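So the sequences go chain by chain: A and B.
Using this note's numbering, the first residue of the first sequence is number 153, and each one after it goes up by one.
Using this note's numbering, the first residue of the second sequence is number 6, and each one after it goes up by one.
We put the beta carbon where it would ideally sit given N, CA and C, even for glycine.
All values derive from a computational prediction rather than experimental measurement.
Here's the structure, in structure tokens; my notes come after.
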Amino acid sequence: MLSGVEPERMPQAEGRLRSDEELMSAAGRGDMDAFEELVLRHQDGAVGVAFRLLSDEHGARDAAQEAFLRVLESAPRYRPTASFRTYLYRVLTRICIDRYRKRSPEDHPDLSTVEDGGEAPPEVMLRRERAERVRGAVEELPMRQRVALVLQHYEGLSYEEIAEAMHCSVRAVDSLLARARRELRERLRDLL
Amino acid sequence: MKCKKVQEKLSAYLDGGLPPGARSRVSQHLEGCPRCAEELDGHRALGKLLDAAPAVAAPDGFARSVCREAVRRAQVGERRRKVHLLPRSPVPVLMRVAAMLAVAVGLVSGGVISGSAAQARGVQAGVVSGELADELPVSLLSVVTPGSVTEAYLDWVEQVQ
């Protein structure tokens, strides 16, 4: 764990952008600048994935923060067997799944990001309604299908990376994605 | 390759998740099968539709606030570690608790009883004098039970006086 008070700065490789793995290694030695750089690189992806899994903006930020903090905590022991992004998403999806399961039925998703109709022109309202239908359909998928879909479609992870992040086989990922798409096509048939 | 098999693979076909051999077999099938080609179009349309779902990005200052939280937790951890490093008392915890309880009971008893111990032994709440009695909860003004710590304390006060 980092010292927290006296972070040890490592010299940056001259004129070269450090890889995620190098930053992670530096973060493990207490270099908070390296850690901040890592967070900056992956924050949008992490918050985006968490939001698509939890449908709650505040919860998504919180889950993403927790994932980064856990990653930092494990930094001194980190061995880059997979890409850093895959590792981060593995930590993050576990946190999201855990929080989603613990959520009480009264905890409705925060839809504050989806603006209300208001005075918007009909085509804008239609687009919003469509977006909301899609979000709702994705949210109704079983969690593992949703994770696979979000990582593949929105984050562009390969089947191998998703398998690594979800701790399952590539075949299982294939099956999860096929079922998720079948389900979504069924639910969104009228929009296709 | 049969239609059912091909349609099972369309999702992976679109995602680039098929090995080269399987991919070329699916491609060949699609060229000669309008039904499966239509199914593939349906998958493509779904992909476009999924892009319509709302997205959220990290707010400004997110990375900085994560770092601040990391430092805060590290400092809390450091403080806890220091507390754990303090020399431990040789007196077992239970004994310390018992001693604290005894002192507390003694103080309460001492505070409740004003005037002489003999008066206190008058046993009733009314014996407790003056202003203090008005402020005390009824439970503290109850009968002194024979053999209790309060009685032992009163005996001691009597002896001292």
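Sub-8 angstroms separation of residue i and residue j beta-carbons
i      : j      : result
L35/B  : A27/B  : no
V191/A : F220/A : yes
S207/A : E291/A : yes
A212/A : A227/A : no
A311/A : D20/B  : With the sequence shown as reference, residue 311/A is identified as Tyr, and Ala is not the correct amino acid for it. It is a contact, given that the beta carbons lie within the stated cut-off.
G47/B  : R170/A : no
E209/A : V61/B  : yes
A300/A : V322/A : no
E188/A : A79/B  : no
R331/A : Q304/A : no
V302/A : L240/A : no
Sequence-distant residues of the same chain with beta carbon closer than 6 angstroms to residue i, five excluded per side
i      : result
T238/A : E313, E316 and A317
D172/A : F236
E218/A : I247
G22/B  : none
Three-way DSSP call (helix, strand, coil) for residue i in this model
i      : result
L35/B  : helix
C248/A : helix
Y18/B  : helix
R30/B  : helix
C320/A : coil
D423/A : The shown model of chain A, from 153 to 344, leaves out residue 423/A, and the question about it has no answer.
V157/A : With a pLDDT of 40 at V157/A, under the threshold of 50, the modelled position of this residue cannot be trusted, and the question is left open.
L293/A : coil
Y230/A : coil
N-terminal and C-terminal residue of the alpha helix (DSSP H) that residue i is part of
i      : result
S106/A : A query on residue 106/A cannot be resolved here, the shown segment of chain A reaching from 153 to 344 and no further.
Q304/A : First-last for Q304/A: undefined, no H or E at that position.
P59/B  : From DSSP, P59/B is part of no alpha helix (DSSP H); its letter is neither H nor E.
S177/A : D172 to G180
L340/A : L340/A -> no alpha helix (DSSP H), and no H or E assigned at all.
Nearest-angstrom Cβ-Cβ length linking residue i and residue j, presumed shorter than 8 angstroms
i      : j      : result
Q195/A : A63/B  : 4 angstroms
M295/A : Y252/A : 6 angstroms
V286/A : L340/A : 7 angstroms
Chain-order list of residues whose beta-carbon lies under 7 angstroms from that of residue i (same chain, five-residue window excluded)
i      : result
M176/A : L190, A227, Y230 and F236
C8/B   : C38, R40 and C41
K53/B  : none
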